[in-house]
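J.:
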Amino acid sequence: MAKHQTPLLDQLESGPWPSFVSDLKQQAEKRAKNAEGLDFQVPVDVVDDLMGLLELSFKQGRTHWKHGGIVGVFGYGGGVIGRYCDQPQMFPGVAHFHTMRVAQPGGKFYTTEFLRQLCDIWDLRGSGITNMHGSTGDIVLLGTTTPQLEEIFFELTHNMNQDLGGSGSNLRTPSDCIGQARCEYACYDTQDLCYDLTQEYQDELHRPAFPYKFKFKFDGCPNCCVASIARSDMSFIGTWKDDIKIDQKAVQAYIGGELAPNAGAHSGKNWGKFDIQKEVIERCPTECMVMDGKTLKINNRECTRCMHCINVMPRALRIGDERGLSIFAGAKAPILDGAQMGTLIVPFIEAEAPYTKIKETVIEPIWDWWMEEGKNRERLGELMKRQGLQKVIEVLGVDPDPRMVQEPRHNPYIFWKEEEVEGGFQRDINEFRKHHLR
Amino acid sequence: MEYEEAKAKIIEELTKKLKSKSKFYFNDLANIIGAKPRDAKKIVNKMVEEGALEYWSSGSTSMYGMPGTGKQAHSEGED
Chain A
50 MAKHQTPLLD QLESGPWPSF VSDLKQQAEK RAKNAEGLDF QVPVDVVDDL MGLLELSFKQ
110 GRTHWKHGGI VGVFGYGGGV IGRYCDQPQM FPGVAHFHTM RVAQPGGKFY TTEFLRQLCD
170 IWDLRGSGIT NMHGSTGDIV LLGTTTPQLE EIFFELTHNM NQDLGGSGSN LRTPSDCIGQ
230 ARCEYACYDT QDLCYDLTQE YQDELHRPAF PYKFKFKFDG CPNCCVASIA RSDMSFIGTW
290 KDDIKIDQKA VQAYIGGELA PNAGAHSGKN WGKFDIQKEV IERCPTECMV MDGKTLKINN
350 RECTRCMHCI NVMPRALRIG DERGLSIFAG AKAPILDGAQ MGTLIVPFIE AEAPYTKIKE
410 TVIEPIWDWW MEEGKNRERL GELMKRQGLQ KVIEVLGVDP DPRMVQEPRH NPYIFWKEEE
470 VEGGFQRDIN EFRKHHLR
Chain B
-19 MEYEEAKAKI IEELTKKLKS KSKFYFNDLA NIIGAKPRDA KKIVNKMVEE GALEYWSSGS
41 TSMYGMPGTG KQAHSEGED
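If you read the sequences in order, they're chains A and B. Counting from 50, one number per residue, gives the positions in the first sequence under the working numbering. Counting from -19, one number per residue, gives the positions in the second sequence under the working numbering.
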């Protein structure tokens, strides 16, 4: 018999989709039975009380979580998010219900041994409820008490060689796509860059000194599988400088039907014969492709790396050989000024270890500017909007590039700075008077 | 600014403001000692390490305060 009656939660189970309520009930039952004979370090009925609390919140239309609290383990300013319930007498199991963020492995490659170890720790020292993965990308462990925080941290670091992730006004756990480990579209080694920057910027990850959160995400190609362009303050997206490589025989094999378009991803339904004109050439956003007899031609100068043609015909078209990445800055979710996508700040940069150029000419100047000029709780994208792209370009010390332009300007005025004008704002009045009478 | 001098200045200012608030943004601390963020960070980190300051976080934003100050530490039994 459930500890609390939860008719409103039960209703959520009636829909067609798997329900978190069913998962919670299963977990509550598992803890109550305790078949493994664990010496639970947090209340055994934590999950029951969580459901009871949520039911109450649904009934009243208000939350019973307080806002924030202790941050975590000694020396770390992130990785633990203090959560306290404001009805501890009614729901003692969730009086403390802290979240721990654990850094996910690159590309989210796990061994089953790692997952077992992690779940064993969490079953013993936490509620057993996990969120794989939070939208930042990290492993989120939901619900433990204050005395367990250091214990869990010790076991993670000493027994699993695993660190906590970022939270608060920190660099958040950097997140990457599977990259060259599995994907032939990857233009650089996303996992290597992600790991390198994670190690390099440990201080930024664990000791909050930024105005607000800051996220790095790494996509190996413009397909953007981790959506870095929409979700990270600094997004690294693989690209290439030279031409898309074409295998004309394979193009004919797609046309002839020997090869399935999109690697067979849409084969569940009869879409008819593959039509290269309709499905590839006419879908090119810059109209840079044409069939010249039996030869596919691409005007590569016009290509904007939309990836559509490569996705449809991966055996025939391949990314170029001169590879690197583009850097976008300022993406964020709504709150102030609405959601924003990243703005292109570096059209192309080489991505070779030890990545010194990326660190010293892009990341660090941007951070220095934002730390100095950013208001409290102002994201990089908001600062960029407030001070303008011109300022970003100045901070980076680069020349403006047409590829940075997102839209036609909506301000008709151009304000020049004195140093941008030849001879400055001072003039030689005698020289002027030679040509202009008083 | 020397570490001890900066520390004393931060503690003095934070104590003065205790009546109205107990949690401060990193920028507030940097302004108190008039240092650039990167230099201020070294001082603030050392103060946290020594236990003269402690972190507070809502989950999305981080703030700093003197240990045991503010309502929350007491009400949650964390002081």
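Built from N, CA and C at the ideal position, the CB exists for glycine as well. Everything numeric in this text was worked out from a predicted model, so none of it was measured.
#1: Could you check if Val95 (chain A) is buried or exposed, using at least 16 other CB atoms within 10 Å of its CB as the buried criterion?
#2: In chain order, which beta strand (DSSP E) runs of at least 3 residues are fully inside the segment 162 to 247 of chain A?
#3: If we count the other Cβ atoms within 10 Å of its Cβ and call it buried at 16 or more, is Trp289 (chain A) buried or exposed?
#4: Quick check on His357 (chain A): does DSSP put it in helix, strand or coil?
#5: Give the residues from the segment 165 to 181 of chain A that approach chain B closer than 7 Å (Cβ to any Cβ), ordered along the chain.
#6: What residues in the segment 198 to 222 of chain A bring their beta carbon closer than 8 Å to a beta carbon of chain E?
#7: If you follow the beta strand (DSSP E) that Ala378 (chain A) is in, where does it begin and where does it stop?
#8: Can you tell me where the beta strand (DSSP E) holding Lys266 (chain A) begins and where it ends?
#9: Looking only at its own chain, which residues have a Cβ that is under 6 Å from the Cβ of Gly215 (chain A), when we skip the five neighbours before and after it?
#10: My parser needs the alpha helix (DSSP H) runs of 4 or more residues fully inside the segment 254 to 316 of chain A; what are they?
#11: Opposite Met43 (chain B) in the DSSP bridges: which residues?
#12: Please tell me whether Ser224 (chain A) and Lys266 (chain A) are closer than 8 Å, where the distance is taken between their beta carbons.
#13: Between the alpha carbons of Leu(-6) (chain B) and Glu399 (chain A), how many angstroms are there, rounded?
#14: Name the chain B residues that come within less than 8 Å of His116 (chain A), Cβ to Cβ?
#15: May I ask you to verify whether the segment 277 to 288 of chain A touches the segment 299 to 316 of chain A, counting CB pairs closer than 8 Å and requiring at least 3?
#16: Taking the alpha carbon of Val411 (chain A) as the reference point, which residue from A:Ala402, A:Ile394, A:Gln439, A:Gly423 has its own alpha carbon closest?
#17: Could you give the DSSP three-state label for Lys16 (chain B): helix, strand or coil?
#18: Below 8 Å on the Cβ atoms is my guess for Arg150 (chain A) versus Asp187 (chain A); work out the distance and round it to an integer in Å.
#19: Assuming contact is defined by CB atoms lying nearer than 8 Å, are Thr179 (chain A) and Val91 (chain A) in contact in what I supplied?
#20: Can you pull the chain A residues whose beta carbon is under 8 Å from the beta carbon of Lys(-3) (chain B), in chain order?
#21: Which residues does DSSP pair with Leu366 (chain A) in a beta bridge?
#22: Hey, Ala235 (chain A) and Gly269 (chain A) are a contact pair by Cβ (cut 8 Å); roughly how many whole angstroms apart?
#23: Given that Lys16 (chain B) touches chain A, what residues does it touch there, using C-beta distances under 9 Å?
#24: Looking only at its own chain, which residues have a Cβ that is under 8 Å from the Cβ of Cys168 (chain A), when we skip the five neighbours before and after it?
#25: For Thr257 (chain A), decide whether its Cβ has a neighbour in chain B, counting only Cβ atoms nearer than 8 Å.
#26: Can you tell me whether DSSP reads Lys346 (chain A) as helix, strand or coil?
#27: So which of A:Thr161, A:Asn210, A:His207, A:Gln153 has the shortest CA-CA distance to Leu190 (chain A)?
#28: Whose C-alpha, out of A:Gln436, A:Gln229, A:Gly305, is nearest the C-alpha of Gly321 (chain A)?
#29: Let me see if you follow: with CB-CB separation under 8 Å, is Pro260 (chain A) close to chain B or not?
#30: Going along the chain, which residues of its own chain have a beta-carbon closer than 8 Å to the beta-carbon of Asp245 (chain A), five neighbours each way excluded?
#31: Alpha carbon to alpha carbon, how far is Met356 (chain A) from Gly121 (chain A)?
#32: Going along chain B, which residues have a C-beta under 9 Å from Arg426 (chain A)?
#33: Check Tyr(-17) (chain B) in the structure and name its three-state DSSP category.
#34: What residues from chain B crowd round Gly124 (chain A), counting only those whose CB sits closer than 7 Å?
#35: Under the DSSP definition of a beta bridge, which residues are partnered with Phe4 (chain B)?
T.: Taking the geometry as given:
#1: With 16 or more Cβ atoms within 10 Å of its Cβ, Val95 (chain A) is classed as buried.
#2: 178 to 180, 188 to 193
#3: That one is buried.
#4: helix
#5: none
#6: The structure shown contains no chain E; its protein chains are A and B.
#7: 372 to 378
#8: 265 to 268
#9: Gly127, Arg221, Thr222, Leu254
#10: 277 to 280, 297 to 305
#11: B:Trp36
#12: yes
#13: Taking the CA atoms as reference points, Leu(-6) (chain B) sits about 46 Å from Glu399 (chain A).
#14: Ser38
#15: no
#16: A:Ile394
#17: coil
#18: 5 Å
#19: no
#20: By Cβ distance, chain A contributes nothing, its closest Cβ being about 15 Å from Lys(-3) (chain B), past 8 Å.
#21: Beta-bridge pairing links Leu366 (chain A) to A:Ile295.
#22: 3 Å
#23: Asp417, Met420, Glu421
#24: So the list reads Gly177, Thr179, once near-sequence residues are dropped.
#25: First, the residue type needs correcting, since residue 257 (chain A) is Pro and not Thr in the sequence shown. Judged by the 8 Å Cβ criterion, Pro257 (chain A) is in contact with chain B.
#26: Strand.
#27: Just measuring C-alpha positions, the residue of A:Thr161, A:Asn210, A:His207, A:Gln153 sitting nearest Leu190 (chain A) is A:Gln153.
#28: For Gly321 (chain A), the closest alpha carbon among the candidates A:Gln436, A:Gln229, A:Gly305 is that of A:Gly305.
#29: yes
#30: Ala402, Pro403, Tyr404
#31: 43 Å
#32: Tyr5, Ser40, Thr41
#33: helix
#34: Glu29
#35: B:Tyr44
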